[in-house]
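Each remark here refers to the structure printed beneath this line.
Here it is in structure tokens:
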């Protein structure tokens, strides 16, 4: 008991959970009113356009955090962001993959199917790094793809060893070039109702532009997921087919930048 009391005293607490004020002199009860907790947001969406719309709407419904960017893209502008967001998309492969602006709205769409297809073929499934680029997502993804596909073709679907990592420790040396996309975790699970296997993506972004980045990134990743399903094929152990599955996407900084505030609000509150 003596050791326990010493440990919590060093942590600044009394045995009853009260916080010390000024070292060991005086204390007061810790109250939730003194702390602003993070506000995690969870969204369940039908397809990619539905996810994009729901998140735009939710960002303006909650008391989201706004702050001026001091280092990074658009310094000096405000950024309105979720503390943490997790979005499950049940049918990410349903077309269209991106939002169609309603009639009468003059703003351009955040992306198009043509741009998504180009993004997939030139930036995700292409290892080439341009003269002025330090990396592309494709340069990090493509070196892992063959091993990933072979792990399923050789070992079957009864394992969880398929995780594509985009970030590298050396990215921290130059903070300006850190990848936004960090991780594409892959889960293959048997659909016991349909008697097929489904390939699901669990994706994490360090920081993420909701207006333009979200639809283009996820549209491209969905095409990548569909390509993987084709390359892997049936389960070699039992012959059951592999089909497209869900996406779960997460970020601690899914945001809209100040120069897009009015577009975002207009799309939601038209």
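Numbering (the numbering used here), first residue to last: 14 to 283.
C-beta: ideal position from N, C-alpha, C; glycine also.
Practice problem: For the beta strand (DSSP E) containing residue 78, list its first residue and its last residue. | Solution: Here residue 78 refers to the residue found at position 65 when the chain shown is read from its first residue. Counting along the chain, the beta strand (DSSP E) containing residue 78 begins and ends at 78-81.
Exercise. Determine the DSSP secondary structure at residue 176, reduced to helix, strand or coil.
Key: The residue labelled residue 176 in the question sits at position 163 within the chain shown. It is a strand residue.
Quiz item: How would you write the range of the beta strand (DSSP E) that residue 214 sits in, first residue to last?
Solution: To locate residue 214, count along the chain shown from 1; it is residue 201. Where residue 214 is concerned, the enclosing beta strand (DSSP E) stretches over 209-218.
Quiz item: How many Å lie between residue 170 and residue 230 at the Cα?
Solution: Position 157 of the chain shown, counting from 1, holds the residue named residue 170. Position 217 of the chain shown, counting from 1, holds the residue named residue 230. Their Cα atoms are separated by approximately 26 Å.
Self-check item: Inter-residue CB distance, residue 77 and residue 55 (contact presumed, cutoff 8 Å)
Solution: As a position in the chain shown, residue 77 is number 64, starting the count at 1. As a position in the chain shown, residue 55 is number 42, starting the count at 1. Contact flag wrong, Cβ pair sits at about 15 Å.
Exercise. Ignore the nearest five residues each way along the sequence and tell me which others in residue 204's own chain have a CB closer than 6 Å to its CB.
Key: Residue numbering aside, residue 204 sits at position 191 when the chain shown is read from its first letter. If we look at residue 204 and ignore the five residues flanking it on each side, its Cβ neighbours are 211.
Quiz item: Buried or exposed: which applies to residue 232, given that a residue is buried once 16 or more other Cβ atoms fall within 10 Å of its Cβ?
Solution: For the purposes of this step, residue 232 is taken as the residue at position 219 of the chain shown. Residue 232 comes out buried.
Quiz item: CB residue 90 to CB residue 280, shorter than 7 Å?
Solution: Start at 1 with the first residue of the chain shown, and residue 90 comes out as number 77. Start at 1 with the first residue of the chain shown, and residue 280 comes out as number 267. No, they are not a contact pair.
Quiz prompt | DSSP-derived helix/strand/coil call for residue 204 | solution = Translated into the one-based positions of the chain shown, residue 204 becomes position 191. Three-state DSSP puts residue 204 in a strand.
Exercise. With DSSP collapsed to three states, give me the class of residue 97.
Key: Here residue 97 refers to the residue found at position 84 when the chain shown is read from its first residue. The answer is strand: DSSP assigns residue 97 an E or B state.
Quiz item: Count the other CB atoms within 10 Å of the CB of residue 238; is the residue buried (16 or more) or exposed (fewer)?
Solution: For the purposes of this step, residue 238 is identified with residue 225 of the chain shown, where counting begins at 1. By the 10 Å Cβ count, residue 238 comes out buried.
Self-check item: Close beta carbons around residue 250, own chain, < 8 Å, minus the five adjacent residues each side
Solution: Along the chain shown, read from residue 1 onward, the residue named residue 250 stands at position 237. Same-chain partners within the cutoff: 169, 170, 171.
Quiz item: Going by C-alpha distance, which of 65, 148, 139 is nearest residue 122?
Solution: Start at 1 with the first residue of the chain shown, and residue 122 comes out as number 109. Of 65, 148, 139, the residue nearest in Cα terms is 65.
Self-check item: Assigned exposure category for residue 224 - 16 Cβ within 10 Å defines buried
Solution: As a position in the chain shown, residue 224 is number 211, starting the count at 1. So residue 224 ends up on the buried side.
Quiz prompt | Nonlocal neighbours in the same chain, by C-beta distance under 6 Å from residue 236, ignoring five residues either side | solution = Taking the chain shown and counting its residues from 1, one reaches residue 236 at position 223. Once the five neighbours on either side are set aside, the close Cβ partners of residue 236 are 133.
Self-check item: Nearest to residue 264 (by Cα), restricted to the options 52, 48, 124
Solution: The residue you call residue 264 lines up with position 251 of the chain shown. Nearest C-alpha to residue 264: 52.
Self-check item: Cα-Cα separation, residue 186 to residue 116
Solution: In the chain shown, residue 186 corresponds to position 173, counting from 1. In the chain shown, residue 116 corresponds to position 103, counting from 1. For residue 186 and residue 116, the distance between alpha carbons rounds to 47 Å.
Quiz item: Taking buried to mean at least 16 other C-beta atoms within 10 Å of its own C-beta, is residue 84 buried or exposed?
Solution: Reading the chain shown from its first residue, position 71 is the one you call residue 84. Residue 84 should be labelled exposed.
Quiz item: For residue 91, does the three-state DSSP call read helix, strand or coil?
Solution: Counting from one through the chain shown, the residue named residue 91 turns up at place 78. Residue 91 falls in the strand class under three-state DSSP.
Quiz item: Count the other CB atoms within 10 Å of the CB of residue 142; is the residue buried (16 or more) or exposed (fewer)?
Solution: Here residue 142 is taken as the residue at index 129 of the chain shown, counted from 1. So residue 142 ends up on the exposed side.
Quiz prompt | residue 277 and residue 67 closer than 7 Å at C-beta | solution = Taking the first residue of the chain shown as position 1, residue 277 is located at position 264. Taking the first residue of the chain shown as position 1, residue 67 is located at position 54. Contact: no.
Quiz prompt | Own chain, CB closer than 7 Å to residue 88, minus 5 neighbours either side, in chain order | solution = Here residue 88 is taken as the residue at index 75 of the chain shown, counted from 1. Excluding positions up to five away in sequence, the list reads 82.
Quiz item: Which residues does DSSP pair with residue 256 in a beta bridge?
Solution: Counting from one through the chain shown, the residue named residue 256 turns up at place 243. Per DSSP, 211.
Self-check item: One or two residues paired with residue 194 in a DSSP bridge
Solution: Start at 1 with the first residue of the chain shown, and residue 194 comes out as number 181. Paired residues: 218.
Quiz item: For residue 128, does the three-state DSSP call read helix, strand or coil?
Solution: Residue numbering aside, residue 128 sits at position 115 when the chain shown is read from its first letter. In this structure, residue 128 counts as helix in the three-state DSSP scheme.
Quiz item: Once you ignore the five residues that flank residue 23 on each side, which residues in its own chain have a CB closer than 6 Å to its CB?
Solution: Taking the first residue of the chain shown as 1, we reach residue 23 at position 10. Because the pLDDT of residue 23 is 46, which lies under 50, any placement of that residue in the model is unreliable, and the question is left without a value.
Exercise. Thinking residue 162 and residue 151 are a contact (beta carbons under 8 Å), I'd like their distance in whole angstroms, please.
Key: Here residue 162 is taken as the residue at index 149 of the chain shown, counted from 1. Here residue 151 is taken as the residue at index 138 of the chain shown, counted from 1. 16 Å between Cβ atoms; not a contact.
Quiz item: Between which two residues does the alpha helix (DSSP H) carrying residue 163 extend?
Solution: Here the question's residue 163 lines up with position 150 in the chain shown. Where residue 163 is concerned, the enclosing alpha helix (DSSP H) stretches over 150-168.
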